[in-house]
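In our numbering, the protein residues as written are 8 to 142.
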């Protein structure tokens, strides 16, 4: 469970677009609207449902409490949250696209790249100041 606001929803949309597009390109699949759009919707919906069910912020804060006074803590927390969401989203995408029998083979081909892409995207989104932070 996370704090629901416009920023969270925009982040979810951006991550769904980035993760699905990256997964499509990494898998060598064609960028066709008829498949790209529904799978982006699957990524977005999966992310939102995961946020409703899994306390990722609590998990990441708990796992990074040893870094409480360090500047690296937000980045470690982002990595943990990203790892959880990218794992869930990419597994869901894999089972949706190729079915349960081939899911793990398809998933393992792009997982590490998607974790890195998702992490970089999440850090960039984190670095964008909100209106509240701007003044």
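Backbone N, C-alpha and C define an ideal beta-carbon position, used for all residues, glycine too.
Just so it is clear, the structure is predicted and the values come from calculations on it, not from any experiment.
Next on the checklist: Assuming the contact rule is C-beta atoms closer than 8 Å, residue 83 and residue 71 should be a hit. Round their C-beta distance to whole Å, please.
Outcome noted: Taking the chain shown and counting its residues from 1, the one referred to as residue 83 is at position 76. Taking the chain shown and counting its residues from 1, the one referred to as residue 71 is at position 64. Yes, residue 83 and residue 71 are in contact; Cβ-Cβ is about 5 Å, under 8 Å.
Checklist entry - Which parts of the stretch 40-86 are runs of the alpha helix (DSSP H), unbroken and 4 residues or longer, counting only runs that do not cross its ends? => result 40-60 and 63-70
Checklist entry - In terms of residue numbering, what span does the alpha helix (DSSP H) encompassing residue 125 cover? => result Here residue 125 refers to the residue found at position 118 of the chain shown. Element bounds for residue 125: 110-134.
Next on the checklist: Pop quiz: residue 27 and residue 46 are said to be a contact at Cβ under 8 Å. What is the actual Cβ separation, rounded to whole angstroms?
Outcome noted: Position 20 of the chain shown holds residue 27. Position 39 of the chain shown holds residue 46. Going by Cβ atoms, the distance from residue 27 to residue 46 rounds to 5 Å, so yes, they are a contact pair.
Checklist entry - Taking DSSP as the reference, what is the three-state secondary structure of residue 100? => result For the purposes of this step, residue 100 is taken as residue 93 along the chain shown, with counting starting at 1. Of the three classes helix, strand and coil, the one that applies to residue 100 here is helix, per DSSP.
Item to check | Supposed contact pair residue 85 and residue 130 - C-beta distance, whole angstroms, cut 8 Å | outcome: In the chain shown, the residue the question calls residue 130 occupies position 123. In the chain shown, the residue the question calls residue 85 occupies position 78. Between residue 85 and residue 130 the Cβ distance is about 6 Å, and since that is below 8 Å, they are a contact.
Next on the checklist: Among the candidates 74, 51, 34 and 21, whose CA atom is the shortest distance from the CA of residue 104?
Outcome noted: For this step, residue 104 is matched to residue 97 along the chain shown. For the residues 74, 51, 34 and 21, the minimum Cα distance to residue 104 belongs to 34.
Next on the checklist: Is the separation between the beta-carbon of residue 128 and that of residue 25 shorter than 7 Å?
Outcome noted: Locating residue 128 in the chain shown gives position 121, where the first residue counts as 1. Locating residue 25 in the chain shown gives position 18, where the first residue counts as 1. Yes, the pair counts as a contact, with Cβ atoms nearer than the cut-off.
Item to check | Residue span of the alpha helix (DSSP H) that contains residue 18, given as start and end | outcome: Here residue 18 corresponds to residue number 11 of the chain shown, with the count starting at 1. Per DSSP, residue 18 is one residue of the alpha helix (DSSP H) stretching across 13-34.
Item to check | As assigned by DSSP and simplified to three states, the class of residue 88 | outcome: In the chain shown, counting from the first residue as 1, residue 88 sits at position 81. Of the three classes helix, strand and coil, the one that applies to residue 88 here is helix, per DSSP.
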